[in-house]
Structure formats: structure tokens, C-alpha cells
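Residue numbers (UniProt numbering): 1 to 611.
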């Protein structure tokens, strides 16, 4: 089908017999065939990206899923949309089947110009109001710093949208909307599109391009506005971190919103939304990536949710662009003990508890006071539905207590011996406390640290592999697959070309790591997946590490001193156990954010051809 349609309408009509056969199929079968060209309907749920990773388009990926070939998937998505466009030009019958699929999701990443897709998409929906009911998802990814494209509308388009705005009867706000529309303000067009999409299920919007005001104004004028919305994802980057999550209070109070995700935002007790009263929010899946929430706000948020199933609070990342610098006057972040206590309200429904704090920064005064992960979680025994826990090693007591329903345990950011912890968990497994537990993974930058003796002593006469096998042997006779896995360190080229001249002001390349070949957000799923992680690393130099020159390390240290130190350690001549890390190209996009999805840049002509 794709090959038949991809060459264009002339080729399709030239293959009349094949197309006639296709058109003679039952309409349900034609719809099923064409649906394979677009993203599955279930993927539009925009679940919270809870299972350690999140894709840039907001779609969930489960624990343990293999990374996909992103270039291939991007090409497939582009080809699928292009094929649907061509199908619409074949016949009215096929157009009626293909159009609902084509308009199911607006996904605009601004490649090729500001609002390259959003304006013609919105205009087409207003010209064909029947298409609005098919729009289920709006995804607007952050614009490039220097967008290329028009910053004003053509006269005909301006008049078209001016008439639409006047029909809204916005009174004193009308001129503000018209002015913003003429300046190609994305907020106006997305609000207009959402107003014509009664079945809209998910929105994925960026900060700071996205302003909530047009939405608030439509909420006041249209009681049914976004009444079927289920998923909210507010995305940001560190340059614009610190936006107030409370400003989006109306979205979470909508009757069907059950999935909510925020990036680089703040939520404080002092400014907690007054409408988020206990038991008022339908949200079942909460995810916060690189956010800052204090203990009071977390407690109130947990109380506001009627029935929480998943909770994700992830700030850990090896990438410097993901690490936030908080102001000194900022209220302290909640610690692990406080998170556990707040989650107790949902002990009968919570299925996932994911907690990862930002990586420790060396050289900071009073570091112990700045590390909330030092507090230990309490017992999870009463969490009857809990299946998955992802938690820093520093947040676990020596003898943690988990739920009998636990299936997956990931211990993250491990920097010290886990022998006593592992022995206690293994003993509990053998005593039948965790009958469903099958997956225990320990993540570390240096995978020799977890296997050492308490006090970080090297076992005399034992290799790292032997020490790991000793730990694995503790689970003999149980169903647990125990592994210790290294994070993949970002490679030097991930930060741009260090061989280029320094930026005259900051001393590094302007790219600063925003390479298209790897995901924006690091996640703990970047791992070398092998049962015995040491068998591929002979004692001595890491085979994937070549000698690193002092000059190169010095330049890297100006960008990220922590990772430079890791590389320096890995290249050391010390005969003791060396840090064992998986140094490999990050050519795979992060799955729990897929921001590299290529969206075709339709021009207005292509949209009008579908009318």
C-alpha cells in the first residue's frame, strides 16, 4: 500500500486494478490497513513516562524494553503520514477513511520554521469542522532558539483567523488575541484548535512558548472546553526551569485528566493551588522530571489525588544540561522519608514508586544538608498493589521492607557496597516474603563500587567478576534475576565539538550537547544489558577507553568536571580495581522523552488539497 501511494496520485491511478481491488475491501478492513501507517491509538495516552524513561513525544516505554532504531522509526512515521496524504488524493472513499487518521494528532516540532504545521492544521480544521472530532492529541515540542520562518501571517490568513476570534466574543480580550495571532503566537492557534477538538485526549506543550492565558479565557467561556482531556504534559528545558506548576491548576482539575507530567517546574506549599483540595483530583499517574517540590506541597498533592497508581520524581542525569542550579532561598526539596510518608495515603492503589534525586555535586559546602536522598524510606509492607520500585541506594535502609506484590526493584545511583543490603533482600526472598520479585537491578556509574566489602574494601584475591557472582549466588533458589549495570557515560562528542574554538564568552561550543543523535533527557535505562557485567572488561584498561590526553580532559572539565574526573579515573595507571563503566555512543533516543520524532512539514497547499 505504501509503495503504491508513495509515488503520488498519477502512479496510483495508473495501477487502477490494484487500487480498485483495495477499495472493494470492507471499509473496516481498509481502516485497519491504513491505521498501521500512523501511531497506534493507545500510544496517544501520554502516560507519565514512569518506567525509568520517557520519550520526547511523551509516549510511555516500559521497563526493559529495547531501544529502537530512532532514525528508522522517524523515517517510518514520516513515510506513513506522507502516504496518508497521498491516499486522500486517490478517491473520496479512501479520503474519508484516511483523513480521520491523518488528523488524529497534531505534532509540531518547529523544524523548518515557527508554526510550520500548526497554522495550516488549525485552518484546515476550521474550514472542515467535521475533522475537529478526530483530533485526539496536540503535541508542540520546544522551538529552536532561532526559529526560521515568517513571524506574521499573510493578509488572507489574518482575515480568516480574525473572523474566528471575533466569533468567540472575547470582549476586551479580543484585540489582544488578534494582535497575538498576527504575530504568529502559537498559544492562539493551539487554543483555537483545542476549542474545535471536542474529543481531544492529550496535550503536550512547551515552556516558555506556551502561555496558559488563552486557555483560561476559553475555560471561562466554554464549560465543555477540554472536557475529554485525559493527559497533560508540560515540557521545559533547564534554561526556563522554575516555572510554577500551580499555574496549571485548572488542567489537573478537569474531570477526565488522569495522566500529568511536568518538566523543570516548581511546586511549593506556600503557593499550592487552593482548588486542589483533598480528594478532588482524578490524576492517577504523576510524573515530575527535574522538578523541585517541597515536602508541604507533596503532602497536599498526594492528598488531592483520589487514587494514585504511579508516582515518578526523577532528577538524576549524567548530562550537565539536565542539572538545575537552585536559588539559595528556595524551600528544601522533600526527602525520601517524606515521599514515602506522603505516598502511604495510596498504599492500596500505588503500583509504581520512582524516586531519583539529582546527582551529587562535589565541592558544595554543607553537602549533607543539600542531599535529601540521605533520608531513608520506611516500610513498604502495607503497599498491597506496589509492583515496581526505583529508588536511590542512599534512600534505602540496610534491611528494607517491601510489599509482597513487588515484581521489579531497581536500585539507582549506587556509590558504595550493597553486600549487606543484598544479603537481607535475598534472605527475605528465600523466606517467601517477595514471591513475585523477579527483577533486581543495581545501577552505578562505577560498577566496582557496589560489589566491594563494607567500607569499600577490595576483597583480597578476588576479581570483580567473582565478587559479583558472590552477590548473585545469594539469590540462588529464588526467581530473582540479579544484575549490576553501568550507566552509559555521555561521550565527549555529546557536548559538541571540543576541538572547535571556544565560544569567546563561555569557552565552549554553542551546541553544548544538544546533539540530534541522542535523547534530551538522560535516563537510567542506558545500560549495558548483560548478566555478568564484568566478563566483557578485562582487568586493566577499559577496552572502549583510549588514552585521554590531559589537554582533552582539561577542556572537558570546563564543561563537566564530574564526568571529566570519571574519564580520568578510568584512564588511570592504578593497579587497583578501576571504575568499570559502559562508555558507548548514545545513538539511541531516550524512551520514559522521543523528541527526535520527525514530523513532516506540510505546506498549506497540501492541506487545502484534502478539502
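Even for Gly, the Cβ is constructed at its ideal location relative to N, Cα and C.
In the DSSP assignment, find the alpha helix (DSSP H) that holds residue i and state where it starts and stops.
i, result
"residue 187", "186-195"
"residue 420", "419-430"
"residue 213", "213-221"
"residue 174", "174-182"
"residue 160", "155-167"
"residue 341", "336-343"
Let me check one thing: in DSSP terms, what residues is residue i bridge-paired to?
i, result
"residue 297", "Beta-bridge pairing links residue 297 to no other residue."
"residue 97", "None, per the DSSP bridge assignment."
"residue 205", "234"
"residue 225", "Paired residues: none, contrary to the question."
"residue 137", "105, 202"
"residue 661", "With the chain running from 1 to 611 in the structure shown, residue 661 is simply not present."
"residue 32", "Partner(s): none; residue 32 has no beta bridge."
"residue 281", "305"
"residue 346", "Answer is none; residue 346 lacks a bridge partner."
How many angstroms separate the CA atom of residue i from the CA atom of residue j?
i, j, result
"residue 134", "residue 197", "7 Å"
"residue 585", "residue 486", "Low confidence applies here, because residue 585 scores a pLDDT of 27, under 50, leaving its location unreliable; read the following figure in that light. Answer to the nearest angstrom: the Cα atoms are 14 Å apart."
"residue 413", "residue 320", "16 Å"
"residue 553", "residue 203", "Note that residue 553 scores 43 on pLDDT, short of 50, meaning its location in the model is unreliable and no value can be drawn from it."
"residue 153", "residue 89", "27 Å"
"residue 432", "residue 32", "47 Å"
"residue 445", "residue 430", "29 Å"
"residue 351", "residue 410", "14 Å"
"residue 356", "residue 265", "16 Å"
"residue 405", "residue 307", "18 Å"
"residue 668", "residue 390", "For the chain, the structure presents residues 1 to 611; residue 668 sits outside this window and is missing."
"residue 381", "residue 348", "11 Å"
"residue 335", "residue 392", "11 Å"
"residue 103", "residue 263", "27 Å"
"residue 468", "residue 311", "31 Å"
"residue 124", "residue 322", "38 Å"
"residue 174", "residue 107", "27 Å"
"residue 185", "residue 215", "13 Å"
"residue 247", "residue 140", "19 Å"
"residue 370", "residue 28", "Any reading at residue 370 must be qualified, since the residue scores a pLDDT of 45, below 50, and its modelled position is unreliable; no value is offered."
"residue 195", "residue 96", "23 Å"
"residue 442", "residue 166", "59 Å"
"residue 105", "residue 122", "12 Å"
"residue 477", "residue 462", "24 Å"
"residue 269", "residue 260", "19 Å"
"residue 488", "residue 449", "16 Å"
"residue 205", "residue 187", "10 Å"
"residue 267", "residue 376", "22 Å"
"residue 212", "residue 192", "13 Å"
Less than 8 Å between the beta carbons of residue i and residue j, yes or no?
i, j, result
"residue 253", "residue 285", "no"
"residue 190", "residue 118", "yes"
"residue 354", "residue 313", "yes"
"residue 337", "residue 378", "yes"
"residue 183", "residue 201", "no"
"residue 297", "residue 281", "no"
"residue 324", "residue 289", "no"
"residue 386", "residue 359", "no"
"residue 161", "residue 181", "yes"
"residue 235", "residue 142", "yes"
"residue 299", "residue 276", "no"
"residue 459", "residue 420", "no"
"residue 221", "residue 168", "yes"
"residue 136", "residue 199", "yes"
"residue 256", "residue 224", "no"
"residue 294", "residue 333", "yes"
"residue 620", "residue 456", "Residue 620 lies beyond the range of the chain shown here (1 to 611); nothing can be said about it."
"residue 401", "residue 474", "no"
"residue 302", "residue 331", "no"
Starting from residue i, trace the beta strand (DSSP E) in both directions and tell me its first and last residue.
i, result
"residue 286", "285-289"
"residue 410", "408-412"
"residue 126", "Element bounds for residue 126: not the beta strand (DSSP E) but the alpha helix (DSSP H), 118-127."
"residue 250", "Here residue 250 belongs to no beta strand (DSSP E); instead the alpha helix (DSSP H) covers 249-252."
"residue 258", "Run containing residue 258: none; DSSP gives neither H nor E here."
"residue 268", "Looking at the DSSP string, residue 268 is not in any beta strand (DSSP E), and its letter there is neither H nor E."
"residue 636", "With the chain covering only 1 through 611, there is no way to say anything about residue 636."
"residue 388", "388-392"
"residue 354", "352-356"
Can you tell me whether residue i sits near the ligand ZN, meaning its C-beta is under 7 Å from at least one heavy atom of the ligand?
i, result
"residue 129", "Although the ligand ZN was asked about, the structure shown includes no ligands whatsoever."
- Only counting runs of 4 or more residues, tell me where the alpha helix (DSSP H) segments fall wholly within the region 438-501, in order along the chain. 464-473
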